[in-house]
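Using the numbering used here, you'd call the opening residue of the sequence shown number 3 and step up by one each time.
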Amino acid sequence: MRRSPVRPGRAPAAGARPARRTAGVLAAAALTLPLLGAAPPAAPPDAVPSGGTSLQEAFSAAAAAYEVPRSVLLGVSYLQSRWDTHGGAPSVTGGYGPMHLTDARTALAATHHDEGTEDPRGDDARPPLRPEARAPRAGSVPDRLATLPRAAELTGLSAGRLREDPAANVAGGAALLAEAQRELGGEPGGDPADWYGAVARFSGADDIASGAAYADEVYEVIRAGAHRVTDTGDPVVLAARPGLAPDRPALPGTGPRAVSAGSATAPECPATVSCEWIPAPYEEFGDGDYGNHDLADRPASQPVRYIVVHDTEGAWEGVLDMVQDPTYVSWHYSLRSTDGHIAQHVRTKDVAWHAGNWYVNAGSIGLEHEGFLAEPDAWYTEAMYRSSARLVRYLAGKYGIPLDRQHILGHDTVPGPTAAVVPGMHTDPGPYWDWAHYFELLGRPFEATAGKNGGLVTIRPDYATHGPVFTGCGAAAEPCAVHGSSAVRLYSDHDEKSALIRDIGLGSDPTTGVNDLSSRVSTGQQYAVAGRWGDWTAIWYLGRKAWFRNPEERPTAVPAAGRVVTPRKGLDSVPVYGRAYPEEAAYPEGVPVQDVSPLPYTLLKGQRYVTGGKVPGEYLYAVTFDRSSHRVVRGGEPYYRIQFGHRVAFVRAADVTVRTV
């Protein structure tokens, strides 16, 4: 029997058995922070400033007390948390405070959010994947998820204080760095360039390549410098050190097995990240059944047009177990939260089963990020954001994928391929993924591209201060914790007491539920302006006007210019599709014609929707383990991809006129 997909609502196992040694990685115990041994002396009396001091002062005090270069301490903390405290709440891997001190046994519990029932393959030519849900499993806690207890031993401070007091948390991180430096034979204090090995060890990585990649990223931060106001209102500054070149010693430990670039076990990753090959199996079960992906020859067979961002809804070890199960589904890459380490599972030339829409699957690469949609306080680390951005830039460059929100998709913006499956489509990575910061790291920040009254808008709330109310993170009706968000809510009129926008495809009344996408837009998405009223802006959305608050002093969108589609002259409405499949005449003998049924929406006369470009009608026929029967069917009638609601959609090019506004 098939297993359930790794999606919100299908939480992967956390691992009942001890975490396996993943393929291509040998333990490098000397890189992992020691958790045993005699407790050292308590923290120096000046390590933790008294109440009322700033976070900047806390970094200075801890650096002086433990003889850690302040730039190193600030750089490590920035890569972990961007110096935010998150109100003492743990990250997705149980990390606390500015230094992301991990205490997984305290923080992590099994999570299962039943928000979707989609078939991850989404191909009508095959029976749908409706696997039995696999309950989360509790497993052993890796050393990398238990640094806070060791920090408590080193400092003499309680675990509770290290979790809740930012100054104590910084002191705990400084103590761990100082211990790593001592054990590697380094001198305290001194030149930041001499702390490379200690920084690599602080990452908690279980292999040399991951520790080195983490340290390289920290030193990149130190060279560039950084400054920002944290979530507690504290301004923190790291002065740039552009000429700093770290001393890269031979790190202890065996590390991963070296592979050549052309090797069958070499992952497809940029050189600036830590990446390994952990293959998803391609196996036949009998009775015509096989898994867990399809072999292809992209881009020769068809272009790679999209990258789809997911979250795992489970912990790293369990996620790796899942993707190595041939009866399960697949995705191309997994990204670890603690240090940004990447595992590749499916070659980018091949088609993984991950997005719930076969047209999108056939032309996309899927990235799973360790995290949870409906846990607003379970934050993602800067290390994972940066590693993911490096990977996406590499893949976008390799395949010519534009860096915008109609090509870098959230799973929540992938359309249901047919009307029947629209209600079951998944909604990850959800409203708490920081799209603005992600695209800044991609080098494509969302900025105004038109004058004040431009005909389009790019959704762009201030993530840190924008906190719409959501429900359903715990019990269905209970409000979620107030948290920064990329989402902006839509109303039927310019009044927050008016009704929320209804998505007729979902067949239910709109709510503020964290998984309800009917009445919200997301950072980076673009829409045509349909009206303005004081502090309110209306956009064309799902076939009607939708209003959102957009005050000039605190905008939630910026003016934009671009191309839009509208029904061609003589048409009052045009159908909207969830996939761009070829016309019937394009199918050769032996390949069953696929239905091109419209979704339950229409694009009406006078309405305009932003287009991400023209795409061909295309269908990959791949229903057997033997590739000899596989075909790519190409039609002669192209489509335009549009931002229609929260999700993208498609309209026939023959039905619309394209304009620049």
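Every residue, glycine too, gets a C-beta built ideally from N, C-alpha and C.
- Taking the Cα positions, Leu-297 is about 28 Å away from Ala-421.
- The Cβ atoms of Arg-462 and Ala-489 lie no closer than 8 Å to each other.
- By the C-beta criterion, the region 391–406 is judged to be in contact with the region 442–461, since at least 3 inter-stretch pairs fall below 8 Å.
- Apart from sequence neighbours up to five positions away, the residues of its chain that approach Tyr-589 with a beta-carbon distance below 6 Å are Val-595 and Val-635, ordered along the chain.
- For Ile-644, the enclosing beta strand (DSSP E) begins and ends at 641–645.
- Using a 10 angstroms sphere on the CB of Ser-332, the tally of other CB atoms reaches 16 or more, which defines it as buried.
- For the 8 Å CB-CB criterion, Leu-622 and Val-353 form a contact.
- Of Asp-657, Arg-649 and Ala-63, the smallest CA-CA separation from Gly-358 is found for Arg-649.
- In the structure shown, Pro-269 adopts coil according to DSSP, grouped into three states.
- With a cut-off of 8 Å on Cβ pairs, the region 468–483 is not in contact with the region 576–587, counting fewer than three such pairs.
- Ala-241 and Thr-87 have their C-alpha atoms spaced approximately 21 Å apart.
- The C-beta distance from His-439 to His-428 rounds to 23 Å, too long to meet the 8 Å contact threshold.
- Ile-410 sits in a strand when the DSSP states are folded into three classes.
- Around the Cβ of Val-239, a 10 Å sphere holds fewer than 16 other Cβ atoms; the residue is exposed.
- Taking Gly-89 as reference, the option from Thr-157, Arg-72, Ala-66 and Pro-168 with the minimal CA-CA separation is Pro-168.
- The alpha-carbon of Ser-93 is positioned some 11 Å away from that of Met-101.
- Of all alpha-carbon atoms in Lys-400, Gly-97, Gln-645 and Gly-124, the one lying nearest the alpha-carbon of Val-424 is that of Gly-124.
- Looking at the backbone, the Cα of Thr-539 and that of Leu-508 are separated by about 25 Å.
- Within the region 49–135, the complete alpha helix (DSSP H) segments at least 4 residues long are 57–68, 72–83 and 106–109, listed from N- to C-terminus.
- At a cut-off of 4 residues, not a single continuous stretch assigned as alpha helix (DSSP H) sits fully inside the region 325–350.
- Beta bridge pairing from DSSP links Phe-652 with Tyr-579 and Arg-643.
- Scanning its chain for C-beta atoms nearer than 8 Å, with the 5 sequence neighbours on each side dropped, one finds no residue around Glu-555.
- Under the three-state reduction of DSSP output, Gly-206 falls in the coil class, being neither helix nor strand.
- Looking at Ala-530, Tyr-80, Tyr-543 and Val-50, the one whose alpha-carbon comes closest to that of Tyr-68 is Val-50.
- Your pair Gln-346 and Gln-645 does not check out as a contact, with CB atoms roughly 30 Å apart and the cut at 8 Å.
- In this chain, the beta strand (DSSP E) harbouring His-229 covers 228–231.
- With 16 or more other Cβ atoms from the protein chains shown falling within 10 Å of its own Cβ, His-343 counts as buried.
- Counting of Cβ neighbours within 10 angstroms places Trp-318 among the buried residues, the total reaching 16 or more.
- The secondary-structure analysis by DSSP pairs Val-239 across a beta bridge with His-229.
- Per DSSP, reduced to three states, the secondary structure at Trp-355 is coil, with no helix or strand assignment.
- Between Trp-381 and Gly-526, the CB-CB gap reaches or exceeds 8 Å.
- Under a 10 Å Cβ-count criterion, Ser-366 is classified as buried, with 16 or more other Cβ atoms of the shown protein chains found around its own Cβ.
- Pro-129 has its alpha-carbon roughly 17 Å from the corresponding atom of Pro-328.
- DSSP lists no beta-bridge partner residue for Gly-545.
- In the DSSP annotation of this structure, the continuous segment of the alpha helix (DSSP H) that includes Lys-400 starts and ends at 384–401.
- The Cβ-Cβ distance between Ile-503 and Ser-494 falls below 8 Å.
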